[in-house]
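Student:
There are 2 protein chains.
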Amino acid sequence: MPPAATSPAAALPAGRPVRAAPSAAAPELRPTSITGELPGGLLAAFEAYEAALAANDLEALAGFFAPGPDTLRGDAAGLLVGSDAIAGFRAGRPGVVRRSIRSLHVRAIGTDHALIVAENAPVAGGAGLVTQLWSRTAAGWRIEAAQVAASAPAIDRTIWRVVGTPLVAGEAGGTLAGVRVAVKDLFDVAGFAVGAGTPAYLESATAATESAPSLTALLRVGASVIGIAQTDEFAYSIAGTNVHSGTPPNPRVPGGLPGGSSSGPAAAVALGQADLGLATDTAGSIRVPASYQGLWGLRTSHGAVSRDGVLPLAPSFDTVGWLARNPELLRAAAAVSLDTDKQLPLLPARFAVCTQTVFAAEEGVQAAFVAAVDRLEGSGHLSAVEIVSLDPLTRLFETFRTVQAAEAWHAHGDWVDAHPGTLGPDVRSRFAFASLIDEDEAGAHRIDLAEARERLDAALDGRILLLPSTSSTAPARTSSGARIEAIRTATLSLTCLAAIGGYPAVSLPGLSVAGAPVGLSLVGPRHSDLALLDLAAGLAAGLEG
Amino acid sequence: MPPAATSPAAALPAGRPVRAAPSAAAPELRPTSITGELPGGLLAAFEAYEAALAANDLEALAGFFAPGPDTLRGDAAGLLVGSDAIAGFRAGRPGVVRRSIRSLHVRAIGTDHALIVAENAPVAGGAGLVTQLWSRTAAGWRIEAAQVAASAPAIDRTIWRVVGTPLVAGEAGGTLAGVRVAVKDLFDVAGFAVGAGTPAYLESATAATESAPSLTALLRVGASVIGIAQTDEFAYSIAGTNVHSGTPPNPRVPGGLPGGSSSGPAAAVALGQADLGLATDTAGSIRVPASYQGLWGLRTSHGAVSRDGVLPLAPSFDTVGWLARNPELLRAAAAVSLDTDKQLPLLPARFAVCTQTVFAAEEGVQAAFVAAVDRLEGSGHLSAVEIVSLDPLTRLFETFRTVQAAEAWHAHGDWVDAHPGTLGPDVRSRFAFASLIDEDEAGAHRIDLAEARERLDAALDGRILLLPSTSSTAPARTSSGARIEAIRTATLSLTCLAAIGGYPAVSLPGLSVAGAPVGLSLVGPRHSDLALLDLAAGLAAGLEG
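Sequence order for the protein chains is A and B. In case it helps, the working numbering puts the first sequence at residues 1 to 545. In case it helps, the working numbering puts the second sequence at residues 1001 to 1545.
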């Protein structure tokens, strides 16, 4: 079959090897096809735009896009709306690889508009495609809308460390047959070493001879491992960034952080690259990315799922859990992983709200949370929600983070000391803080923690605490360090409650602020995981109804 | 940052979880933004189109695209030109996954045209983007051009079996530092089993403890393995299809076969997902995909590169070689892999053409080949090209394929016998043929082969044979079995010459027919690999000049 796209009549470099193709600014650029009359100046504008791209001339590039809030530019990562957003995106990327134009189709629309569809051939291989709506303005031809495509890489290293077809096959049949699991790079996977988001750690790690029991439970019922997914370094962050592998995308919030530390499994599930994320939640590492990306996430009761074969961060709080796009799969994963005999019912389900947890969130999240609770009460999905009073969140968080840090240092301090300069600045600063905690201080905080936990138990008294999963929607990747740190503190003051209590917590994708998702969290009594999931599914249905 | 794409004002399901989002046909679809005046009937047409997509109603979908040769539809796999090509594409795919519309931007252009840019949210996760140029016709609104994007999968299983970041790191530094190698799934890679394009074979294979020497040679000079790439089953095909993992794309010929059996490494290199393909060539398995995809490929002199740790097909012909986008990398790989002391110069280089090999090719390829030779002679890159006479190609091919089949059966017959129903029909039929060759017949053909080789040596007499790498450009995936078989026979009658002679052969991307690439092959005396590559690079420069 002659390829439809590359006409023999074209005086373009179609028949030439890519390496020899002249640049887009070559003199002979002629359209492969034209419908209507070729508008004057259009091709020159297109060529000049390609030249500006090749030079990554940001100013020139910005000039080619029509100014204003209606200009559009979309690619696989999402749609940017407005010339400012487009210019901001360009400023944050290194430019495009040199490419030649392989075909060029012009569709004139009247005299002042034209659609250009062009295939390009990057010198680095692959093929690109561009669709642009050009309009003639007093200042010349400008792009009003563009969609851009490039060949995908073999692997998105921001999401994955290794991927297979599958990487580890599950047993035949079973309730999770066909389910593709993204395993956070803290779990033993037979045949692979644990990297913990830290290449230098991976380098000296040895391959596991068997998979972690929490993974084996899934494999046994037919799920397969599609890949080992990235994590923030040693899972000691909730941002979802990693200086080594980069920041995974957040498919629900273009340009937004994915949330961490289970950033890779979350992005994989949100993108449909996996169905289930097998992850850990110490301080909020499942619930934060679930909240930011519109996913379901479950942090299990502390100790309810084996942590054997899982790299620890802070064992007093570390839990295994899952991320999924729907509650049914989350429940199925939990059901085969938890000891169902030890699971407790929640009958009658009693709910609580703590105003402190509402005010810790940003205004939009507060409003969305209150509206959701109102709506669920109005529709009868929630009844008799009680207001409870808890210890000051700032104090709870301080206690939590000190014990967490002491345990993190215990787990990884020797390694961190032996590998200066390896960690990214945020995780490094956390370990630096951790290194300064002496045994007396840690001991005092452990006592505080035990007491805080008792008071939490008493205040909640078997009720299910409803709260926003995070204090905000996904912050922009370009947020200042100060803003990220402020969001971290506010969000951890919410998520640490389940960690302190050893409680299970579900984050369901029920809220939204300005189109970005935020999770609604349910924190239940210890070992009420499955009942909590069932209640959460009911509430989600109520929010959708 | 509020996500640019999802305005809070939109009455779209932006704020709802994906699973609950109403279908595109929901009553409340309203644009997120409009510039100009919303043309009557446009939204209804858009909704009806989405509904037809959801139902995969091929007839309705075809009706939405403007009829004629100018209609365009592009996606990551390439650009389709003409409504027939678009309808043909649709007929060959299962339809799109159910999705909701997350944002909808309308740009009216006069009264009869409009651009629609819409983000969608597939229920299976990820995000999609569509740009459509609609025009009002007597029959209603029709799409004149569309670009479509969907989230990429974690791994393209048609190309890869497993991918890492990297999968195996090379030693620090070295001449190939930074080079990403796609390893054909016939080579031992430490820690992984060989699958040979056959899942049932992989299942009972054990992980290699060390990598094949041909791979180690690359790792030692800094190259890293990015992944293990797919092959036709047991490498016993040149089509580039695999019933288990599917057919890799051919980025140079949308809808075209990639060529095999090194289909995965070739597609990976052509797409820029890898820089170098480590592959094998028994009958043409490097040169055919190189030819179809506009790549450089080298089949080395028989025995010049160790085949230890490489699954055999037919040891009398099996060779190791490489695929790359440029001759420099190909030469660098060859230089570290071959015993340079045994390499012979080609001074003076004498060239030969055999008219039989020209006429074995399709007309367009004949014309392109002759024109290229004329041009190279005209420019002084080639001089004194002599016409040589060889044995009838059909007879040479028959001798080759019988010995190949006998050896393939010797290598894999027991396994094939023990696993009925596992192989795809084409490879199965080849093994069935192979199973019928008795020792007497094989012995007779071996004698024929040795004699044929002597006559080839005598006829070529140290000259470099120039010939088309393949008899055609990449055939369409939808070609009939008869056409594929005819092309296979014609192409193998060209490629088997190097196999019979144990000669090195370079395929360079110098020819093109109707925009699709075809390789120009240089077949040189045994152990002239490096000199042949240098000559080939010179000829390629001549063709470009």
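Note that beta-carbon positions come from the ideal geometry of N, C-alpha and C, so glycine has one too.
Under DSSP, the alpha helix (DSSP H) around D1374(B) begins and ends at which residues?
Tutor: Its alpha helix (DSSP H) spans residues 1363 to 1378.
Student: Label L1539(B) either buried or exposed according to how many other C-beta atoms from any shown protein chain fall within 10 Å of its C-beta, with 16 as the threshold for buried.
Tutor: Label assigned to L1539(B): buried.
Student: Under 8 Å between the Cβ atoms of E377(A) and R463(A)?
Tutor: Against a cut-off of 8 Å, the Cβ pair of R463(A) and E377(A) comes out as no contact.
Student: Helix, strand or coil for T198(A), going by three-state DSSP, please let me know.
Tutor: Three-state DSSP puts T198(A) in coil, outside helix and strand.
Student: Going by DSSP, what residue range makes up the beta strand (DSSP E) through D1281(B)?
Tutor: Looking at the DSSP string, the run of the beta strand (DSSP E) that includes D1281(B) is 1276 to 1281.
Student: Less than 8 Å between the C-beta atoms of Q1404(B) and T1282(B), yes or no?
Tutor: The answer is yes: Cβ separation under 8 Å.
Student: What does S103(A) touch in chain B if you count any residue whose Cβ is under 9 Å from its own?
Tutor: Ordered by position in chain B, the residues that pass the 9 Å Cβ test against S103(A) are L1079, V1081, G1515.
Student: Give me, in chain order, the residues of the same chain whose beta-carbon lies closer than 7 Å to that of E1171(B); leave out the 5 immediate sequence neighbours on both sides.
Tutor: The residues are L1219, R1220, G1222.
Student: Mind pulling the alpha helix (DSSP H) runs of 4 or more residues that sit fully within the segment 1420 to 1478 of chain B?
Tutor: Correct list: 1425 to 1435, 1439 to 1460.
Student: Out of A1044(B), A1146(B), I1101(B), T1032(B), which one is the CA nearest neighbour of A1066(B)?
Tutor: Per the Cα distances, A1146(B).
Student: Which word fits A1118(B), buried or exposed, when buried means at least 16 other C-beta atoms lie within 10 angstroms of its C-beta?
Tutor: It counts as buried.
Student: On the DSSP bridge assignment, give the partners of E50(A) in chain order.
Tutor: Answer is none; E50(A) lacks a bridge partner.
Student: Taking its Cβ as the centre, do 16 or more other Cβ atoms sit within 10 Å of K1342(B), making it buried, or is it exposed?
Tutor: Exposed, because fewer than 16 other Cβ atoms sit within 10 Å of the Cβ of K1342(B).
Student: Per DSSP, what kind of secondary structure is L1029(B) in: helix, strand or coil?
Tutor: Residue state, collapsed to three classes: coil.
Student: Applying a beta-carbon distance threshold of less than 7 Å, which residues of chain A neighbour W1134(B)?
Tutor: The contacting residues do not exist; W1134(B) stays about 11 Å from chain A at best.
Student: So, do the segment 185 to 193 of chain A and the segment 349 to 358 of chain A have three or more beta carbon pairs nearer to each other than 8 Å?
Tutor: They do not touch, by the three-pair rule.
Student: Could you give the DSSP three-state label for P1327(B): helix, strand or coil?
Tutor: Helix.
Student: Should N326(A) be labelled buried (16 or more other beta-carbon atoms within 10 Å of its own) or exposed?
Tutor: Result: buried.
Student: Measure from the C-beta of T137(A) to each C-beta in chain B and report whether the shortest distance is under 8 Å.
Tutor: Not one chain B Cβ lies under 8 Å of T137(A).
Student: Do T1032(B) and T131(A) have their C-beta atoms closer together than 8 Å?
Tutor: No, Cβ-Cβ distance for T1032(B) and T131(A) is not below 8 Å.
Student: Along chain A, in chain order, which residues have C-beta atoms closer than 8 Å to that of V1506(B)?
Tutor: Simply none; closest approach about 13 Å.
Student: Comparing C-alpha positions only, which one of S245(A), V310(A), I116(A), F317(A) sits nearest to L449(A)?
Tutor: Checked all of S245(A), V310(A), I116(A), F317(A); the closest Cα to L449(A) is F317(A).
Student: Please check if any C-beta of chain B sits within less than 8 Å of the C-beta of I437(A).
Tutor: By this cut-off, I437(A) is not an interface position.
Student: Would you say I286(A) lies against chain B (beta-carbon separation less than 8 Å)?
Tutor: No, because no Cβ of chain B sits closer than 8 Å to the Cβ of I286(A).
Student: Can you give me the Cβ contacts of A1314(B) inside the same chain, cut-off strictly under 6 Å, excluding the 5 residues immediately before and after it?
Tutor: Same-chain partners within the cutoff: T1282, Q1404, E1407, A1408.
Student: Are at least three pairs of beta-carbons, each pair with one atom in the segment 1134 to 1154 of chain B and one in the segment 1241 to 1257 of chain B, less than 8 Å apart?
Tutor: The segment 1134 to 1154 of chain B is not in contact with the segment 1241 to 1257 of chain B.
Student: Using 8 Å as the cut-off, can you tell me whether the segment 1515 to 1524 of chain B makes contact with the segment 1418 to 1434 of chain B, which would need three or more C-beta pairs spanning the two stretches below that distance?
Tutor: No, they do not touch.
Student: Between the alpha carbons of L346(A) and L533(A), how many angstroms are there, rounded?
Tutor: Approximately 11 Å, taken between the alpha carbons.
Student: Among W1296(B), D1414(B), P1166(B), E1544(B), which one has its Cα closest to the Cα of S1379(B)?
Tutor: Of the listed residues, the one whose Cα sits closest to S1379(B) is E1544(B).
Student: With 16 other CB atoms within 10 Å as the buried threshold, where does D374(A) fall?
Tutor: So D374(A) ends up on the exposed side.
Student: Taking DSSP's pairing of strands, which residues face T1137(B) in a bridge?
Tutor: Note: T1137(B) sits in a beta bridge opposite G1140(B).
Student: Can you tell which of A91(A), L511(A), T491(A) has its C-alpha closest to the C-alpha of A60(A)?
Tutor: Of A91(A), L511(A), T491(A), the residue nearest in Cα terms is A91(A).
Student: Going by DSSP, what residues sit across from Q546(A) in a beta bridge?
Tutor: Only positions 1 to 545 of chain A appear in this structure, which leaves residue 546(A) out of reach.
Student: Using the beta-carbon count (16 or more within 10 Å), is V388(A) buried or exposed?
Tutor: V388(A) should be labelled buried.
Student: Please identify, using Cβ separations under 7 Å, the residues of the segment 1250 to 1279 of chain B that lie next to chain A, in order along the chain.
Tutor: Answer set for the segment 1250 to 1279 of chain B: P1251, V1253, P1254, G1255, G1256, A1268, V1269, A1270, L1271, G1272, Q1273, A1274.
Student: Between D1534(B) and chain A, is any beta-carbon pair separated by less than 8 Å?
Tutor: Taking Cβ atoms only, chain A never reaches closer than 8 Å to D1534(B), which makes this a no.
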